[in-house]
Amino acid sequence: EAGVAQSPRYKIIEKRQSVAFWCNPISGHATLYWYQQILGQGPKLLIQFQNNGVVDDSQLPKDRFSAERLKGVDSTLKIQPAKLEDSAVYLCASSLLPLGGNTIYFGEGSWLTVV
Amino acid sequence: TQLLEQSPQFLSIQEGENLTVYCNSSSVFSSLQWYRQEPGEGPVLLVTVVTGGEVKKLKRLTFQFGDARKDSSLHITAAQPGDTGLYLCAGDFQGAQKLVFGQGTRLTINP
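So the protein lines, in turn, are chains A and B.
Start counting the first sequence at 971; every next residue gets the next number (the numbering used here).
Start counting the second sequence at 702; every next residue gets the next number (the numbering used here).
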């Protein structure tokens, strides 16, 4: 079974530029998550989708971050304009159903450096 | 805000030693998960505990869930260099339907 796929793996941009990350979850997984992991910290949930609807985006900085999952499968996370403090690993994850003991599978992450 | 505190944040020990890392919160979990993350990779699930007082074993790793479901521990027996990594606990708080992660314990096992 293919895992959660993310691209690009690495991205370096200048502050105020924009960047987009793509995620393809495990086939059949209805729930998709984007986490931000700053170096030395645990992952922080940015947004959670159930199919193509948003379940939780309370920690998404909506003035600069946006995410969509138009057909309930792939998802993109965009940052515009980027700030230095956005340097982090952006982890996409998916699960068959939202939590309740369901296993969450993580991708390898997209590493963003803002200079 | 639901917070998970992990301790210690850093631990460096010699191969063959035993160790315990802790995960604590003031809130009650519906379930708690432990992950291991290696450099350049995403977290990988080790175990999920659901019932208060539950103990699960995974080879040399023993996971315990507190009776009140507010805390958990991970004990490693006879640590090996392959155990090196970032250990994360994550709680599914009652009614929240989302996973909140601790800051992690970075474990280094020296040969």
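Idealized CB from N, CA, C, for every residue including glycine.
No experiment lies behind these values; they were computed from the predicted model shown.
Contiguous beta strand (DSSP E) assignments of at least 3 residues, all confined to the stretch 741-780 of chain B:
745-750, 756-759, 762-766, 772-777
Please confirm if the stretch 1028-1048 of chain A is in contact with the stretch 977-994 of chain A, defined as three or more CB-CB distances below 8 Å between the two stretches.
yes
Straight-line CA distance for Tyr1005 (chain A) to Glu755 (chain B)?
On the first sequence, position 35 is the one that residue 1005 (chain A) refers to. On the second sequence, position 54 is the one that residue 755 (chain B) refers to. Going by the C-alpha atoms only, they are around 28 Å apart.
Closest to Cys1062 (chain A) by CA distance: which of B:Pro744, B:Pro812, B:Arg807 is it?
The sequence position of residue 1062 (chain A) within the first sequence is 92, counting from 1. Nearest of B:Pro744, B:Pro812, B:Arg807 to Cys1062 (chain A), Cα basis: B:Pro744.
Quick check on this structure: which residue in B:Ser708, B:Thr749, B:Glu718 has the alpha carbon closest to the alpha carbon of Ile777 (chain B)?
Residue numbering aside, residue 777 (chain B) sits at position 76 when the second sequence is read from its first letter. When each option's Cα is compared against that of Ile777 (chain B), the closest is B:Glu718.
Report the residue from A:Tyr1060, A:Ile1074, A:Leu1066, A:Ser1028 whose alpha carbon sits nearest the alpha carbon of Leu1082 (chain A).
Here residue 1082 (chain A) is taken as the residue at index 112 of the first sequence, counted from 1. When only C-alpha atoms are compared, the closest one is A:Tyr1060.
Applying a beta-carbon distance threshold of less than 8 Å, which residues of chain B neighbour Thr1073 (chain A)?
Your numbering for residue 1073 (chain A) matches position 103 in the first sequence. Chain B residues near Thr1073 (chain A): Leu746, Thr749.
Can you confirm whether Glu742 (chain B), when its beta carbon is compared against all beta carbons of chain A, has any partner nearer than 9 Å?
Within the second sequence, residue 742 (chain B) is the residue found at index 41, counting from 1. Yes - at least one Cβ of chain A is within 9 Å of the one on Glu742 (chain B).
Between B:Gln715, B:Phe794, B:Leu789, which has its C-alpha nearest Phe802 (chain B)'s C-alpha?
Here residue 802 (chain B) refers to the residue found at position 101 when the second sequence is read from its first residue. When only C-alpha atoms are compared, the closest one is B:Leu789.
Does the beta carbon of Val729 (chain B) sit closer than 9 Å to a beta carbon anywhere in chain A?
By one-based count along the second sequence, residue 729 (chain B) stands at place 28. Val729 (chain B) does not count as touching chain A.
Check the Cβ-Cβ distances between Val756 (chain B) and every residue of chain A, and say whether any is below 9 Å.
In the second sequence, counting from the first residue as 1, residue 756 (chain B) sits at position 55. By this cut-off, Val756 (chain B) is not an interface position.
Counting only Cβ-Cβ distances shorter than 8 Å, please list the residues of the stretch 1020-1033 of chain A near chain B, keeping chain order.
Val1025, Asp1026
Let me make sure I understand the geometry here. Which of B:Ser732, B:Gln710, B:Leu705 has the alpha-carbon closest to that of Asn1072 (chain A)?
To locate residue 1072 (chain A), count along the first sequence from 1; it is residue 102. Checked all of B:Ser732, B:Gln710, B:Leu705; the closest Cα to Asn1072 (chain A) is B:Ser732.
Do the stretch 1020-1027 of chain A and the stretch 1035-1046 of chain A meet, that is, are 3 or more Cβ pairs less than 8 Å apart?
yes
Beta-carbon within less than 7 Å of Gln781 (chain B)'s beta-carbon, same chain only, minus the 5 sequence neighbours each way: which residues are those?
Here residue 781 (chain B) corresponds to residue number 80 of the second sequence, with the count starting at 1. These residues qualify, in order along the chain: Glu716, Ile810.
With H, G and I counted as helix, E and B as strand and the rest as coil, what does DSSP make of Leu1054 (chain A)?
Along the first sequence, read from residue 1 onward, the residue named residue 1054 (chain A) stands at position 84. Leu1054 (chain A) falls in the helix class under three-state DSSP.
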